[in-house]
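Note that the protein sequences, when read in sequence, are chains A and E. Under my numbering, the first sequence is numbered contiguously, ending at residue 1188. Under my numbering, the second sequence is numbered contiguously, ending at residue 1188. Quick notes on the structure that follows.
Number of protein chains: 2
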Amino acid sequence: MIKATDTKNKILDLAAELLQNRGYKGFSYAHIAAELGIKNAAVHYHFPTKADLGTAMITRFREQFQSWTAHLDNKYPQQVEHLLDGYIAVPRSFIKNDNVVCPLGVLESDFNILPDTMQRETRGLSYDMRAWFSGVLNLGREQGIFEFSGPAADKALMITAALQGASLMAGAESPELFETTVTQIKRDLGLKPDVVL
Amino acid sequence: MIKATDTKNKILDLAAELLQNRGYKGFSYAHIAAELGIKNAAVHYHFPTKADLGTAMITRFREQFQSWTAHLDNKYPQQVEHLLDGYIAVPRSFIKNDNVVCPLGVLESDFNILPDTMQRETRGLSYDMRAWFSGVLNLGREQGIFEFSGPAADKALMITAALQGASLMAGAESPELFETTVTQIKRDLGLKPDVVL
DNA sequence: GTCTATAACGTGATAGAC
DNA sequence: GTCTATCACGTTATAGAC
Chain A
992 MIKATDTKNK ILDLAAELLQ NRGYKGFSYA HIAAELGIKN AAVHYHFPTK ADLGTAMITR
1052 FREQFQSWTA HLDNKYPQQV EHLLDGYIAV PRSFIKNDNV VCPLGVLESD FNILPDTMQR
1112 ETRGLSYDMR AWFSGVLNLG REQGIFEFSG PAADKALMIT AALQGASLMA GAESPELFET
1172 TVTQIKRDLG LKPDVVL
Chain E
992 MIKATDTKNK ILDLAAELLQ NRGYKGFSYA HIAAELGIKN AAVHYHFPTK ADLGTAMITR
1052 FREQFQSWTA HLDNKYPQQV EHLLDGYIAV PRSFIKNDNV VCPLGVLESD FNILPDTMQR
1112 ETRGLSYDMR AWFSGVLNLG REQGIFEFSG PAADKALMIT AALQGASLMA GAESPELFET
1172 TVTQIKRDLG LKPDVVL
């Protein structure tokens, strides 16, 4: 992950990390300002209200996810095992050091206290993820690589929920809980757990 | 669910609802006092610090879960389909009106900002749940009722993570996401989705 | 684009009367 | 067991100088 050099993107990077670590009410403009060596008011210059900052963060999450899947689709066309691994890599990437939690899980957990614009973007992010992954599962079953019963959309929902829940557990307990969940998901798809990362 | 009549338990009931709706930093002594028609200081009398209140809540969640599983084990001995439904009923019970989210998901999402005692109890609750459910899955497979590969503990972890993630999604998007996830979980266990509630 | 200064508010918490 | 009164602090946010 390339770190931004301009202040605006530095703020977004740091705010995202703080959100994932501490929840929406758990981080403040003061945290951001202190860490970046600037003042409170400077952060407000770039994002007038916290709702603006929060909404921009989620919009960026959506853009990043879209870029990631476009990259995967391009690099591994129709190679569903790699696409699955790419999808799993998203929540896994957050379970490093203390960065800890998948943003969607935090946003959904804090959903009722989020400003309207953040609620809308959160739903959009959730939808985007399931929609793409649903296509991957469907294709993989047609190819005879994935085995499961029921609609691909249902299976996509279930796996996405499991990855999200496992990401939360990993942050609170142990990272291995995430990996064990992934292993079981792959078993349930009829895959050997040793698929290349 | 029987509502408590004494103040101390009224506080716990309400605090739990607020926690599940708004996260740990999203509720305050003022919220509780206003709703119960008492004053800030009265709440502090029963729970001197917020950490005390939070810890007591989780301890009660653990006791309630233990009572619930004891009840299930007694009412449906060795009847794994009913035990499974009883386990699913826990997160489902929170998806009514706006009560919305499974406590464990919120606590794990807010984990890094929780006081030490709350962190310990949260881990304990998570462990309790998976441990009991792991036994149910193992028994069900021995009986030939559940079909799955891999260790029962892994499958229990995966299903628990899925229920937790689905509970969060239900709160943020639509309750049906929870039910669809449950349907898929049952399909993956080789069950018909029409098992008695 | 960043600063100083400050406003207006909510928070967790305490002392002491009743 | 609940009250009034109060405190110290962190929060989001704004005005205006540089």
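Where a beta carbon is used, it is the ideal one built from N, C-alpha and C, also for glycine.
C-alpha gap between residue i and residue j, whole angstroms
{"i": "E/Arg1013", "j": "E/Leu1130", "result": "37 Å"}
{"i": "A/Tyr1015", "j": "A/Phe1038", "result": "15 Å"}
{"i": "A/Gly1141", "j": "E/Thr998", "result": "48 Å"}
{"i": "A/Asp1076", "j": "E/Arg1053", "result": "35 Å"}
{"i": "E/Pro1166", "j": "E/Glu1026", "result": "26 Å"}
{"i": "A/Thr1046", "j": "A/Thr1108", "result": "6 Å"}
{"i": "E/Phe1085", "j": "E/Val1091", "result": "5 Å"}
{"i": "A/Lys1177", "j": "A/Arg1083", "result": "15 Å"}
{"i": "A/Arg1132", "j": "A/Glu1138", "result": "6 Å"}
{"i": "E/Thr1050", "j": "A/Tyr1067", "result": "48 Å"}
{"i": "E/Cys1029", "j": "A/Lys1041", "result": "Just to set this straight, residue 1029 of chain E is Ile in the shown sequence, not Cys. Each residue's alpha carbon lies about 32 Å from the other."}
{"i": "E/Gly1056", "j": "A/Leu1044", "result": "For clarity, residue 1056 of chain E is Phe in the given sequence; the question names Gly instead. For E/Phe1056 and A/Leu1044, the distance between alpha carbons rounds to 39 Å."}
{"i": "E/Met1048", "j": "E/Ala1007", "result": "7 Å"}
{"i": "A/Ala1153", "j": "E/Asp1179", "result": "13 Å"}
{"i": "A/His1022", "j": "A/Asn1031", "result": "9 Å"}
{"i": "A/Ser1136", "j": "E/Ile1079", "result": "Here the sequence assigns Ile to residue 1136 of chain A, which means Ser is not the residue at that position. Their backbone Cα atoms lie some 30 Å apart in a straight line."}
Exposure label - residue i; buried when at least 16 CB within 10 Å
{"i": "A/Arg1111", "result": "exposed"}
{"i": "E/Ala1147", "result": "buried"}
{"i": "E/Pro1094", "result": "buried"}
{"i": "E/Val1036", "result": "Looking at the sequence provided, one finds Tyr at residue 1036 of chain E rather than Val. Burial call: exposed."}
{"i": "E/Tyr1118", "result": "exposed"}
{"i": "E/Gln1011", "result": "buried"}
{"i": "E/Ser1125", "result": "buried"}
{"i": "E/Gln1134", "result": "exposed"}
{"i": "A/Ala1163", "result": "buried"}
{"i": "E/Ser1194", "result": "One cannot answer for residue 1194 of chain E here, as it falls past the ends of chain E, which runs 992 to 1188."}
{"i": "A/Ala1122", "result": "exposed"}
{"i": "E/Gln1155", "result": "buried"}
Quiz item: Taking Cβ-Cβ distances below 8 Å as the criterion, which residues of the stretch 1153-1184 of chain E are in contact with chain A?
Solution: Ala1153, Leu1154, Gln1155, Gly1156, Ala1157, Leu1159, Met1160, Gly1162, Ala1163, Glu1164, Leu1168, Thr1171, Thr1172, Thr1174, Gln1175, Ile1176, Arg1178, Asp1179
Exercise. Give the residues from the stretch 1091-1107 of chain A that approach chain E closer than 8 Å (Cβ to any Cβ), ordered along the chain.
Key: Val1091, Val1092, Gly1096, Val1097, Leu1098, Glu1099, Ser1100, Asp1101, Phe1102, Asn1103, Ile1104
Practice problem: Evaluate the contact criterion for the stretch 1067-1076 of chain A versus the stretch 1091-1103 of chain A: three or more CB pairs, one atom per stretch, below 8 Å. | Solution: No, they do not touch.
Quiz item: Using 8 Å as the threshold, is the stretch 1049-1069 of chain A in touch with the stretch 1141-1158 of chain A, meaning 3 or more CB pairs across them?
Solution: no
Practice problem: Mind checking the stretch 1013-1024 of chain A against chain E and listing, in chain order, the residues whose C-beta falls within less than 7 Å of any C-beta there? | Solution: Arg1013, Gly1014, Lys1016, Gly1017
Quiz item: Using Cβ-Cβ distances below 7 Å, what residues of the stretch 1110-1128 of chain E are close to chain A?
Solution: Thr1113, Arg1114, Ser1117
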